[in-house]
């Protein structure tokens, strides 16, 4: 399929849309971003990459990184991960404490904050140098040694991360956090600070379209069965309280972040990343959602 | 693919599993069923049907019918349906009133009871003879004129349907029910009483694997885009509070009912129906879930 | 104490306050009331009655009647009542279904709608002619044979009572309603339609200040212990989600209704009724709350 | 009234009751207490004190101290306190985070953990040496210079106080905590560790029965109006999710703690303290509740 003209068409149509939504401001570093960036990049299994607009500008991938830490935890622990976190959609805003209380400290899924903090606890417990080893893991699956944490963002997350500190302490009170709260949060705030361009993000996630294999090395990161399950999880839980809407309109598994990035996967076909910092009321990129809906509309392809 | 030996293998393995779970007893008619039935039938787009065990015994499809009433409502009203019901997973037990209250009478999705009652209200408002016309619709999309309501089940639902009466009155109090409560519930209880065999159920749902076209007539019931969206909805909302688990383990869109039936769709490939009345604690068929997990494991095929 | 000048002072000060709040409009009959009425009447144990302004105009006492049906149920059944309803404050808007679901159909207390419907079910089950016998009971404890239902209000409640119908069906689904939903609701809508003047209302409630004895007849309606408990219940549960505020500011047990009436009790001293139809956001009479706060401020007397 | 024989009668009857309930074990120091202690002490406005059994053994007053910190905050700030905490019963378990989220970080009342942490924040902000000055305040209102923190309990609270740390961080995320989380929690854990005997506890709380005046010094700690409001607050919010039950059965304002202590007030008459470490399922002293119910039953006196 000719993706370059399709992406260029999308870029033009996006430019005509009103600039709705506001950027995330809950941490000062995120509030500094120009809200009117737009970038998009699609990477096929044949290694051809198609990009438009700001696809080479770095942004904070935020919650998108939760898929990567989960991937690393599954690689290390396998199914034992699921004893500490469930796989159901949350049906509530992304940082709600309510369901956690009703469900006795077992987060609904690993892609909401509570679940990602439990996954962070697993990695902190398993790794000697969690931050360094996780970064190496992300570099190895993407083949991109330049990917790094944004230390300013990590520090800003930490300085204003009271709600995440509440979640971590709450999990600890239920016995679902083995390591010290501070250590787990330090790791968690770092992973959320990962910075990537759309091109880097689509490349990092291509393994989810490729049966779990990193394309540049041929290495099998996850088994076929594991990657199918991760894709299913992104499909049902990847968009806070808007997973149904994304599934309904776009029809691909994916994950969004409050930095305005979204990555989506067409299994056995491609990965695609889009970035636009203005968020809709549910915390997902307003134009990013639109751009991906256009993509599956124009191509007529979705997993359904 | 050779589905007949695969289904026979599944049938043998299912027979070895412990008989866990209990049948639904909230209405007396459902409690009369022999809990140890097991049937399965898979229908491909080439019209070949593969069946094992009790695939030709009728059972009450219950909530599975919600997909059919939604299909009819979309055929009539198009996207206007979505003004009265959302498309998000509920993250709560299937008959909860809680979310309805927090969300001002807009049900989370059309596959939970509250949402299906709103869809029933739409059909009651649009049709001259709702029960007869809906039955004709189901017969026409399946090509099976023998499909009918089970009047005993419908009467039993009505006699014990206080929770659904609560939901309907609650929706009415929010202004999201236009017709009289009794009339809407009478229609709703009838649609839930539809009786089908596994062979009939897979045949009725084949259109969801076939771009929205009824295979026996070639008639386009829904557009390609509409059927993709309905499949996405089944994927995220088809299994009460276990949609994530089903998506995670089976990886196909589907819908279950408390009668013990489950139907699932592999777009562009097949539809499959399974029936085993014993339910797990979340209200889905215990062995039905297992059988479908075996199917996608053995075939190595899912939408992810 | 010289109550007449105190009430006249309150009446003057109330007249100076802004006309905040709106009247209840959820049933058309209530919406017809002139929102600017204000009446107040205080009745001492020595049978002296002090009144100002519109104290002799009838209004719909609405939820205040729940105390009277509870009184009758306790007189008939004694402590057996408490097997079907709890005595805790609800901490939620007055007609919420949420807590009912979490607590398996046992209403938090008999003064919220769900609890009052359960009490109605008790009376419907115990009485031969519930509506007539309840009315006779109210007339007998007050010594006021002219008290009556307002049939227009009762009919209006019924025509728009979908939320109460939801509650009744929900209670029935939990097995906490023995009689047919329609019969219980008919009784409930009638008791809520009772019409009284402030003078009649204070007279009807004087028994709660008088050790359970009707002052005009000397008859002991409830035991000393029973009336203390009913007063305690009014204290903690009589004002929907504002019981704490009323207790904090006024310091007397009482009960309010959406018709704008409030009755309060100073045990061993007096009963006092006030009426002003404009409601605050929590559904209690805006000026009625103020007037009673002035009363305990000026007299320096509360139960605390 | 002859209280000594009444208390001795209660002591005998309590001894005959089954030893139901378990002691609080959520912090190791509390778990070390002999569960079968029972003590009771009543102090009248004429300064006569009546005691039985273990009335002179120290125990951890835990949440009862929340009334004292609130008293100090009101003495310093007056009504400004109520901008940061509400006065409504919580209708939920004592440490729930749910209502806090629904109400945007404004705790339901100052006697639940979240509210007491906000009050702690107020005191930490207003005092130069919060722990020392609060202790001096408690000593001054009671006239008992020997009252002190139990440092072991405070340390144990801190080591296992993850849920309170969650609450404090959550409040901070809503902007309802001005000082550093660690500093506020250190103060909060200390105030909960206050140790008193029943005799000391009744003496400390006598001011609430005495128009706000410390009896030993004649000093007016709170105004008459302020103390009435605090008593009202204890009435509606002093017993976690059992405030209604206590009000219903005992009919006095009071406050309980998970150490098994309860203090209650009969305005213008007496204060009474009881201690028995075994707790009922709602976290209040099982026999303490019984003993106070006996007291108001035998004396025939309550505020209602």
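Residue numbers (the working numbering), protein chains in the order written: chain A, -10 to 293; chain B, -10 to 293; chain C, -10 to 293; chain D, -10 to 293. Note that beta-carbon positions come from the ideal geometry of N, C-alpha and C, so glycine has one too.
Identity of the residue in C/132, C/40, C/44 nearest residue 249 of chain C by Cα: Counted from its first residue, the third chain places residue 249 of chain C at position 260. Out of C/132, C/40, C/44, C/44 has the C-alpha closest to the C-alpha of residue 249 of chain C.
My output table needs one value for residue 244 of chain B: the three-state DSSP class, helix, strand or coil. Within the second chain, the letter at position 255 stands for residue 244 of chain B. Three-state result, residue 244 of chain B: strand.
How far does the alpha helix (DSSP H) with residue 177 of chain A in it reach, from first residue to last? For the purposes of this step, residue 177 of chain A is taken as residue 188 along the first chain, with counting starting at 1. Residue 177 of chain A -> alpha helix (DSSP H) spans 170 to 181.
Candidates C/103, C/185, C/19, C/71, of which the one nearest residue 127 of chain C by Cα: Locating residue 127 of chain C in the third chain gives position 138, where the first residue counts as 1. Selected option, being the one with the closest Cα: C/185.
At least one CB of chain D closer than 8 Å to the CB of residue 161 of chain A: is that the case? Locating residue 161 of chain A in the first chain gives position 172, counting from the first residue. With 8 Å as the cut-off, residue 161 of chain A counts as an interface residue toward chain D.
Along the segment 267 to 288 of chain B, what residues have a CB closer than 7 Å to any CB found in chain A? Only those residues of the segment 267 to 288 of chain B whose C-beta falls short of 7 Å from the nearest C-beta of chain A would be listed, and there are none.
Using a Cβ-Cβ distance cut-off of 8 Å, determine whether residue 33 of chain C contacts chain D. Residue 33 of chain C sits at position 44 when you count from the first residue of the third chain. Output row for residue 33 of chain C: interface = no.
Option nearest residue -6 of chain C by Cα separation, candidates C/238, C/233, C/42: Residue numbering aside, residue -6 of chain C sits at position 5 when the third chain is read from its first letter. It is C/42.
For the candidate residues D/71, D/116, D/174, D/150, whose alpha-carbon lies nearest to that of residue 17 of chain D? Residue mapping note: residue 17 of chain D aligns to position 28 of the fourth chain, counting from 1. Nearest of D/71, D/116, D/174, D/150 to residue 17 of chain D, Cα basis: D/150.
Tell me residue 32 of chain C's beta-bridge partners as DSSP assigns them. Start at 1 with the first residue of the third chain, and residue 32 of chain C comes out as number 43. Partner(s): C/38, C/260.
What is the rounded straight-line gap between the Cα of residue 243 of chain C and the Cα of residue 129 of chain C? Against the third chain, residue 243 of chain C aligns to sequence position 254. Against the third chain, residue 129 of chain C aligns to sequence position 140. Annotation: residue 243 of chain C to residue 129 of chain C spans about 21 Å, alpha carbon to alpha carbon.
Beta-carbon within less than 8 Å of residue 83 of chain A's beta-carbon, same chain only, minus the 5 sequence neighbours each way: which residues are those? Numbered from its first residue, the first chain carries residue 83 of chain A at position 94. For residue 83 of chain A, the predicted model reports a pLDDT of 46, less than 50, meaning its position is unreliable and no value from the coordinates is stated.
Hey, quick one: how far does the alpha helix (DSSP H) through residue 111 of chain A stretch, first residue to last? Here residue 111 of chain A is taken as the residue at index 122 of the first chain, counted from 1. For residue 111 of chain A, the enclosing alpha helix (DSSP H) covers residues 102 to 115.
Is it the case that the Cβ atoms of residue 139 of chain A and residue 124 of chain A are separated by a distance below 8 Å? Taking the first residue of the first chain as 1, we reach residue 139 of chain A at position 150. Taking the first residue of the first chain as 1, we reach residue 124 of chain A at position 135. Contact flag unset, no.
Given a cut-off of 8 Å, decide if residue 159 of chain B and residue 57 of chain B are closer than it, judged by their beta-carbon atoms. Taking the first residue of the second chain as position 1, residue 57 of chain B is located at position 68. Taking the first residue of the second chain as position 1, residue 159 of chain B is located at position 170. Using a Cβ distance threshold of 8 Å, residue 57 of chain B and residue 159 of chain B do not count as a contacting pair.
DSSP three-state assignment for residue 137 of chain A, whether helix, strand or coil: Translated into the one-based positions of the first chain, residue 137 of chain A becomes position 148. Residue 137 of chain A carries a strand assignment under DSSP once its states are collapsed to helix, strand and coil.
With 16 other Cβ atoms within 10 Å as the buried cut-off, status of residue 213 of chain D: By 1-based counting over the fourth chain, the position of residue 213 of chain D is 224. With fewer than 16 neighbouring CB atoms inside 10 Å of its own CB, residue 213 of chain D falls in the exposed class.
DSSP-derived helix/strand/coil call for residue 291 of chain A: Translated into the one-based positions of the first chain, residue 291 of chain A becomes position 302. Three-state DSSP puts residue 291 of chain A in coil, outside helix and strand.
Taking the Cβ atom as the reference point for each residue, do residue 50 of chain A and residue 190 of chain A lie within a distance shorter than 8 Å? Within the first chain, residue 50 of chain A is the residue found at index 61, counting from 1. Within the first chain, residue 190 of chain A is the residue found at index 201, counting from 1. Contact check for residue 50 of chain A against residue 190 of chain A passes: the beta carbons are separated by less than 8 Å.
Can you check whether the CB of residue -4 of chain B is closer than 8 Å to the CB of residue 259 of chain B? For the purposes of this step, residue 259 of chain B is taken as the residue at position 270 of the second chain. For the purposes of this step, residue -4 of chain B is taken as the residue at position 7 of the second chain. The Cβ-Cβ distance between residue 259 of chain B and residue -4 of chain B does not fall below 8 Å.
In or out: residue 105 of chain D buried (at least 16 other Cβ within 10 Å) or exposed? On the fourth chain, residue 105 of chain D is found 116 positions in, with the first residue counted as 1. Burial call: buried.
Taking 8 Å as the threshold (beta carbon to beta carbon), is residue 293 of chain C in contact with chain D? Reading the third chain from its first residue, position 304 is the one you call residue 293 of chain C. Yes - at least one Cβ of chain D is within 8 Å of the one on residue 293 of chain C.
Alpha helix (DSSP H) segment containing residue 213 of chain B, residue limits: Sequence index remark: in the second chain, residue 213 of chain B carries index 224 (1-based). Here the alpha helix (DSSP H) through residue 213 of chain B covers 213 to 226.
For residue 294 of chain B versus residue 168 of chain B, is the C-beta spacing smaller than 8 Å? This structure leaves residue 294 of chain B out entirely; chain B is present only between -10 and 293.
Mapping the DSSP letters down to three states, classify residue 278 of chain C as helix, strand or coil. Within the third chain, residue 278 of chain C is the residue found at index 289, counting from 1. Helix at residue 278 of chain C.
When you compare the CB positions of residue 293 of chain A and residue 256 of chain B, do they come within less than 8 Å of one another, or not? Within the first chain, the letter at position 304 stands for residue 293 of chain A. Within the second chain, the letter at position 267 stands for residue 256 of chain B. A contact, by the Cβ cut-off of 8 Å.
Quick one, are the C-beta atoms of residue 218 of chain D and residue 235 of chain C less than 8 Å apart? Position 229 of the fourth chain, counted from the start, is the residue given in the question as residue 218 of chain D. Position 246 of the third chain, counted from the start, is the residue given in the question as residue 235 of chain C. Not in contact: residue 218 of chain D and residue 235 of chain C (Cβ atoms no closer than 8 Å).
On the three-state DSSP scale, how would you describe residue 209 of chain C? By 1-based counting over the third chain, the position of residue 209 of chain C is 220. Strand.
Contact set between residue 265 of chain A and chain B, taken where Cβ atoms lie within less than 7 Å: By one-based count along the first chain, residue 265 of chain A stands at place 276. Under the 7 Å cutoff, chain B gives no residues; its nearest Cβ is about 22 Å from residue 265 of chain A.
Since residue 26 of chain D and residue 266 of chain D are thought to touch, with beta carbons under 8 Å apart, how far apart are those beta carbons, to the nearest angstrom? Numbered from 1 along the fourth chain, position 37 holds the residue referred to as residue 26 of chain D. Numbered from 1 along the fourth chain, position 277 holds the residue referred to as residue 266 of chain D. Their Cβ separation, rounded to whole angstroms, is 6 Å, which keeps residue 26 of chain D and residue 266 of chain D in contact under 8 Å.
Where does residue 265 of chain A fall in DSSP's three states? The sequence position of residue 265 of chain A within the first chain is 276, counting from 1. The three-state reading of DSSP puts residue 265 of chain A in coil, since its state is none of H, G, I, E or B.
Could you say which of A/148, A/279, A/284, A/76 lies nearest to residue 174 of chain A if we only look at CA atoms? Along the first chain, read from residue 1 onward, the residue named residue 174 of chain A stands at position 185. For the residues A/148, A/279, A/284, A/76, the minimum Cα distance to residue 174 of chain A belongs to A/148.
If the cut-off is 7 Å on Cβ atoms, which residues from the segment 199 to 230 of chain C count as contacting chain D, listed in chain order? Within the segment 199 to 230 of chain C, the residues whose Cβ lies closer than 7 Å to some Cβ of chain D are 217, 218, 220, 221, 222, 224, 225, 226, 230, listed in chain order.
Rounded to the nearest angstrom, what separates residue 264 of chain D and residue 187 of chain D at their Cα positions? Translated into positions along the fourth chain, residue 264 of chain D becomes position 275. Translated into positions along the fourth chain, residue 187 of chain D becomes position 198. Roughly 7 Å between the two C-alpha positions.
DSSP state of residue 310 of chain D mapped onto helix, strand, coil: In this structure chain D extends from -10 to 293, so residue 310 of chain D is not present and cannot be described.
Got a sec: is the Cβ-Cβ distance from residue 19 of chain C to anything in chain B below 8 Å? The sequence position of residue 19 of chain C within the third chain is 30, counting from 1. Output row for residue 19 of chain C: interface = no.
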